[in-house]
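Put into structure tokens, the structure is as follows:
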């Protein structure tokens, strides 16, 4: 009966402790919400949207892409146009000059092997063995959608033919060029634009703005195509 006396209820600290604890929890929750809001605002400030003007004159804002992200069409365009530039030459635009310019779009540790393979594609019309009046043209039939094989790495299948014309053979000879082409994202464009740039140098520079590079090429039937540049190209 002593526990029920009014003076005992007044001296009991438990209700006050419960109220104080509840208030502290509410304050902590509000503080966390405030910090979360501040972090979101800071994130928006550190990664601001970019203003992009479209061809038709409209302006839109876009979120910045992560460094390793590339749009599928950008990858397909890079592969198709790079290989077309690399395998198209003429007497006025000799293969040696073409390679010197377009090889900037190829990984350093793969350049020597790719040059050797291009030479073997048509030995009589590549690099040092150039017939007078010879012309090489790469005709692409199809480029597949990119398949992501790693962070910032993609594989694209290309079906094409290289046509070789000479001064005495205007009908031309066709050689198939069906390959798996591996590309990856890079931090900085590898191409540079010199003063009084040639059209081919300007084209390679524009492709380099995609910040991509070719780092391996395999036969279309090769099931073990990887990022190893020492892998044979049948």
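Numbering (the working numbering), first residue to last: 7 to 240.
In this text, a Cβ means the ideal position worked out from N, Cα and C, and glycines have one as well.
For residue 190, the pairing in a beta bridge is given by DSSP as 159 and 219. The beta carbon of residue 73 lies closer than 8 Å to those of 158, 191 and 193 in the same chain, with the five residues before and after it left out.
A distance of 8 Å or more separates the beta carbons of residue 144 and residue 210. Residue state for residue 142 is assigned as strand, using DSSP reduced to three classes. Sequence-distant partners of residue 85 (beyond 5 residues in either direction) whose C-beta falls short of 7 Å from its own C-beta, in its chain, are 149, 162, 164, 187 and 189.
For residue 90, no beta strand (DSSP E) segment is defined; the enclosing uninterrupted segment is the alpha helix (DSSP H) at 78 to 92.
Beta-bridge partners assigned by DSSP to residue 170: 142 and 179.
Sequence-distant partners of residue 180 (beyond 5 residues in either direction) whose C-beta falls short of 6 Å from its own C-beta, in its chain, are 167 and 169. Relative to residue 81, the option among 208, 217, 200 and 224 whose CA is nearest is 217. Taking every protein chain shown into account, the CB of residue 140 has 16 or more other CB atoms within 10 angstroms, so this residue is buried.
Burial is judged here by how many other beta carbons sit within 10 angstroms of a residue's own beta carbon; residue 207 has at least 16 and is buried. Annotated three-state conformation of residue 102 is helix, per DSSP.
In this structure, the straight-line span from the alpha carbon of residue 122 to that of residue 116 is close to 10 Å.
Setting aside the 5 residues that flank it on each side, residue 200 is surrounded in the same chain by 207, each with a C-beta closer than 7 Å to its C-beta; the list follows chain order. Under DSSP, residue 208 shares a beta bridge with no residue. Proximity to residue 125 across 93, 203 and 153 peaks at 93, based on C-alpha coordinates.
With 16 or more other Cβ atoms from the protein chains shown falling within 10 Å of its own Cβ, residue 152 counts as buried.
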